[in-house]
Every structure is written in structure tokens, then in C-alpha cells.
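In UniProt numbering, the protein residues as written are 1 to 355. Yeah, the Cβ is synthetic: ideal placement off N, Cα and C, and Gly gets one too. As the structure is a prediction and not an experimental result, all values here were calculated from the model. Okay, so here's the structure we're looking at.
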């Protein structure tokens with residue numbers, strides 16, 4: 001009987017690994033799905049467009065989701081995985097609790113639409129769908145439309161513990177920003193371009209309240225803030241404001257992906273310290289000034305930076321798989337199945353479990 005149990009267990013392990021073997025070792029490239037799911041980009045774009053028309057929040061939510069995914073364990077859709085059992089997933093780390101649900105919903109709906117096509121079912125990763133959806137929301141809000149490199153697999157784990165110290169904070173100075181971005185192979189120029197994603201979206205008052213009430217002893221308001229903008233922020237975010245209140249990151253063109261972000265910095269209207277420092281620090285100021293004047297140059301730099309970001313920590317071969325459900329990690333599910341099988345075998349006195 002011991003041999004029977006061992007064979008059953010081996011069969012379960014083999015089944016759990018078959019999803020990995022068929023993936024092979026992927027290399028990112030454009031038109032990766034040309035032979036397996038040639039219409040995937042149109043399918044995803046259709047879902048994203050519909051969702052965007054329903055709510056504008058789709059755009060900043062999806063863009064921010066991509067950033068938070070790639071900066072933690074790489075671009076592997078691990079930020080989408082839901083917590084289960086004893087595993088607290090990335091999305092439930094304090095730094096990710098403000099991620100808007102519309103971003104998650106966009107990817108989940110796009111995945112369902114892709115898998116509804118028989119030729120595409122279980123062939124396109126959630127990570128690639130998130131990358132495509134991000135490009136699409138950028139384009140829908142007036143930003144550049146660019147070719148997305150594809151071929152990512154979905155990550156096999158997602159833990160809240162892995163998030164700590166991996167995401168840029170609103171209080172970061174230039175050295176801290178450069179250090180964090182450099183850890184992912186991104187330059188200062190890339191960092192400045194990617195920071196302009198703040199041309200879309202919103203922030204809760206608590207993320208910047210220190211700049212308008214408790215900046216420093218003798219100077220409650222950050223002196224790098226425009227006085228009129230600081231007064232405007234105080235009006236929208238009074239002391240003890242409802243923590244659910246959020247305001248636009250870009251006070252001028254909050255629904256358009258453009259270079260007004262840099263023009264705002266020139267006027268002392270960067271919402272976070274990490275935004276305004278790009279203008280106040282002499283090392284980054286020339287780039288801010290250049291892109292405030294040249295939208296085309298900024299958009300080219302943004303596409304370059306996004307392409308580089310999309311290559312961070314990509315999973316290939318046995319490092320990942322293609323999830324059927326973006327919210328659930330197949331690896332965790334298989335471990336649960338093996339654990340259940342072991343429990344079942346232990347309850348059967350006729351079997352012997354071989355460790």
C-alpha cells in the first residue's frame with residue numbers, strides 16, 4: 001500500500017507541474033501571441049475602453065496597479081492575488097490598500113473576455129493583460145499608444161511581507177527616488193518620466209497633509225508649495241478630514257495624460273514632496289523644464305521608461321505559470337490540493353504515507 005500512496009502522490013505532483021512545463025522559457029517580444037491568440041490586444045482594448053467609458057477611475061487605477069505590481073517581485077500580476085488561508089497577499093499590505101478596485105476589475109474582466117475565446121483560453125497571462133490594459137488607459141486619456149512587449153508569466157507567490165520598502169513614498173527625496181528606481185535598472189530620466197503618471201489620478205489627504213500643516217517647526221507649510229495651492233489644499237483637506245476624501249493629483253488637467261504635470265512643478269504645485277523635489281533639486285530640474293516645454297520629448301521618454309519597467313522581474317519557465325483566475329495563485333492552490341490529499345491518506349488506515 002505504501003507504494004500505491006507514493007504513486008498517487010507522484011501523480012498529483014506531476015499534474016501540478018504540467019502547467020509549468022508547457023509554458024517553456026519565454027522571452028518578451030512584441031506580437032508574442034501572434035500564433036496562439038492573434039486578437040488578444042483588440043480583445044483587451046475593447047474591455048478597457050468599455051470600462052473606461054463607465055468610469056474614468058479605470059485609467060489611474062490600472063496605471064497605478066501596474067506600477068505597484070512591477071516594483072514588488074517584478075511584473076507578474078502578484079499584486080492582483082487575493083489573500084487566502086494563512087497567506088496575506090500583496091494587495092493587503094498598507095501601501096496597497098488605496099489601490100482602487102477598478103484597476104483589479106479591469107484586468108479580471110479582460111482576462112474573462114480573452115479566455116472566452118477558445119483559441120486563447122489559458123494562454124494569456126494576467127501579467128500581460130495588465131501590461132496591455134495599462135498601455136490602453138494611457139492612450140485613452142491622451143497619452144502615447146505604444147507597442148507592448150509580451151511573454152510574461154504570472155508569479156507563483158504573493159505576500160504582504162514582500163511589499164515593505166519596495167514602493168516609492170510621497171516623502172522621498174531625489175536620492176531615495178533614484179536609489180529605488182536604480183534597483184530596477186531605471187535611470188533618473190526614467191524615474192522623472194514615470195513620475196509623470198501623477199498627471200492622472202487622485203490621492204487621499206493623509207498622504208500629503210504634513211506639507212500643509214506640520215512640515216517643520218516654525219514653518220507649518222512646505223515653502224516649496226505655491227502659497228495659493230497650499231491654501232487650496234487646506235480648503236479641500238481641512239484638519240481631521242474624512243480619511244476617504246481624495247483630491248486630484250493634477251489640479252489643472254486631472255483627466256488628461258499630458259506634460260502639464262511638469263508645468264505644475266514649475267509653479268510649486270507638485271502634490272507630494274516626491275513630485276516637487278524633481279523641480280527643486282538642481283539635478284532633475286533641467287529635465288522637468290525641458291519636458292514642460294516639449295510634450296513630444298516627454299512622451300517618447302515615457303514610452304522608453306514604461307518599456308523598461310515592463311521588463312522588471314519577468315517570470316519565465318518554471319518561475320511562473322498562467323493563472324486561470326487572476327485573483328488566485330495556481331501554485332498555492334496546488335499546495336492546498338497536496339495538503340488535502342495527504343490529510344485524506346492519513347485518515348485512511350489502509351494507506352501508508354511515505355515522507
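**Study point:** Distance CB(residue 273)-CB(residue 172) smaller than 8 Å
**Key:** A contact, by the Cβ cut-off of 8 Å.
Check your understanding: In its own chain, which residues sit with a C-beta less than 6 Å from the C-beta of residue 150, not counting the 5 before and 5 after it?
Key -> Result list for residue 150: 32, 128, in chain order.
Check your understanding: CA-CA distance, residue 243 and residue 235?
Key -> Going by C-alpha positions, residue 243 is about 15 Å away from residue 235.
Practice item. Write down the C-beta distance between residue 257 and residue 199 rounded to the nearest angstrom, noting that I regard them as a contact closer than 8 Å. Key: Between residue 199 and residue 257 the Cβ distance is about 6 Å, and since that is below 8 Å, they are a contact.
**Study point:** Buried/exposed call for residue 356, threshold 16 Cβ in 10 Å
**Key:** Residue coverage of the chain in this structure runs from 1 to 355, which leaves residue 356 outside it and unanswerable.
Practice item. For residue 21, name the three-state secondary structure that DSSP assigns. Key: Confidence at residue 21 is low in this model, with a pLDDT of 31, below 50, so its placement is unreliable and the value that follows should be read with caution. In the structure shown, residue 21 sits in a helix (DSSP, three-state: H, G or I).
Exercise for review: Can you give me the Cβ contacts of residue 314 inside the same chain, cut-off strictly under 7 Å, excluding the 5 residues immediately before and after it?
Suggested key: Closer than 7 Å at the Cβ level, and outside the excluded window around residue 314, lie 28, 74, 75, 152.
Review point. Hey, would you say residue 66 sits closer than 8 Å to residue 131, going by beta carbons?
Key: Contact flag set, yes.
Check your understanding: Between the C-alpha atoms of residue 346 and residue 125, what's the straight-line distance to the nearest angstrom?
Key -> If I take the Cα positions, the gap works out to 36 Å.
Point to revise | N-terminal and C-terminal residue of the beta strand (DSSP E) that residue 202 is part of | key: Note, residue 202: beta strand (DSSP E), 202-204.
**Study point:** Continuous beta strand (DSSP E) stretch holding residue 178: start and end
**Key:** Going by DSSP, residue 178 is part of no beta strand (DSSP E) but of the alpha helix (DSSP H) stretching over 174-182.
Exercise for review: Using only alpha-carbon positions, find the residue among 85, 46, 136 that is nearest to residue 159.
Suggested key: Each of 85, 46, 136 was checked against the Cα of residue 159, and the nearest Cα belongs to 85.
Review point. Between the beta-carbon of residue 280 and the beta-carbon of residue 224, is there less than 8 Å?
Key: Yes. Within cutoff.
Check your understanding: Assuming residue 71 contacts residue 193 under a Cβ cut-off of 8 Å, what Cβ separation, rounded to an integer in Å, is found between them?
Key -> Not confirmed; about 15 Å, so no contact.
Practice item. Using only alpha-carbon positions, find the residue among 184, 156, 154 that is nearest to residue 167. Key: For residue 167, the nearest C-alpha among the options comes from 184.
Check your understanding: Taking all protein chains shown into account, do 16 or more other C-beta atoms lie within 10 angstroms of the C-beta of residue 97, making it buried, or fewer, making it exposed?
Key -> So residue 97 counts as exposed.
Exercise for review: Look up residue 345 in the DSSP assignment and say whether it is helix, strand or coil.
Suggested key: Residue 345 sits in a helix when the DSSP states are folded into three classes.
**Study point:** 7 Å CB neighbourhood of residue 52 in its chain, flanking five on each side removed
**Key:** Excluding five sequence positions before and after residue 52, the CB atoms of its chain that fall closer than 7 Å to its own CB belong to 58, 59, 137, 140, given in chain order.
Check your understanding: Can you name, in chain order, every residue of its own chain whose Cβ lies under 8 Å from the Cβ of residue 122, other than the five neighbours on each side?
Key -> So the qualifying residues of the chain are 115, 322, 324.
Review point. What's the C-alpha gap between residue 188 and residue 176?
Key: About 11 Å.
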